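In the working numbering, the protein residues as written are 36 to 270.
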């Protein structure tokens, strides 16, 4: 249970979140409760997040969030679907309303991505009718460093050891140097490490003694915006 405090009322608990997990350690629900200001002792359900998974897919493939009013009557909800093969990226998103008996979809969004997982198109409908389309275009810019080539593809580098202790290696298989930005994200999506570096051919060692043990996502992005990620474990 996660509790937040309101310092203005003498450390009175005003928000409590209860989390549940499945046998694989994946989060199933988050139930958030707000303090009932009518009696200042009880709590009312404010929102519920539900997650779904597909076998052999690490990330959540379905997410739904329901909001409640002060009387715990279901009011509005948001649903996000990530089907298998979408690399954890949202493909469809819906905003729904509850009329007391059924869910009704108010707004629907469809996402399209390029090969670098950058969104290129978002199509929106409202109450079943198209309301607009957003197209996104990308241009590559050189950073002005002579002789520095971009990270080409996943086959051009590898990460080891995995699991690692205090140091991890980026094996660069390209012939020319490449400038990259390396980031480490924890399981909450928080950036815990960031460094811009030049990859030389062969092993490039990065020291990470300050990271606590656990699972992380290692992100690599080159000067052109191309990106790649890998799940790593610090022992």
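Built from N, CA and C at the ideal position, the CB exists for glycine as well. Values in this document were obtained by computation on a predicted structure and should not be read as measured data.
For residue i, does the three-state DSSP call read helix, strand or coil?
i	result
residue 145	strand
residue 74	coil
residue 257	strand
residue 84	strand
residue 209	coil
Provide the residue span of the beta strand (DSSP E) that contains residue i, from first to last.
i	result
residue 241	237–242
residue 161	154–161
residue 229	226–234
residue 195	192–195
Rounded to whole angstroms, what's the CA-CA distance from residue i to residue j? Just pull it up for me.
i	j	result
residue 188	residue 60	For residue 188, the predicted model reports a pLDDT of 47, less than 50, meaning its position is unreliable; a value from the coordinates is still stated below. The alpha-carbon atoms of residue 188 and residue 60 are separated by roughly 32 Å.
residue 86	residue 164	28 Å
residue 68	residue 52	6 Å
residue 158	residue 148	12 Å
residue 234	residue 48	49 Å
residue 184	residue 102	Summary for residue 184: the model assigns pLDDT 44, below 50, so the residue's position carries little reliability, and this model does not support an answer.
residue 229	residue 208	22 Å
residue 240	residue 71	53 Å
residue 97	residue 144	15 Å
residue 246	residue 201	8 Å
residue 222	residue 212	31 Å
Grab me the residues of residue i's own chain with a C-beta within less than 6 Å of its C-beta, minus the 5 sequence neighbours each way, in chain order.
i	result
residue 268	198 and 250
residue 83	66 and 101
residue 156	147 and 170
Once the 5 residues before and after residue i are set aside, which same chain residues still bring their CB inside 7 Å of it?
i	result
residue 130	113, 141 and 142
residue 57	63
Would you call the segment 237–256 and the segment 209–228 in contact, with 3 or more CB pairs under 8 Å?
yes
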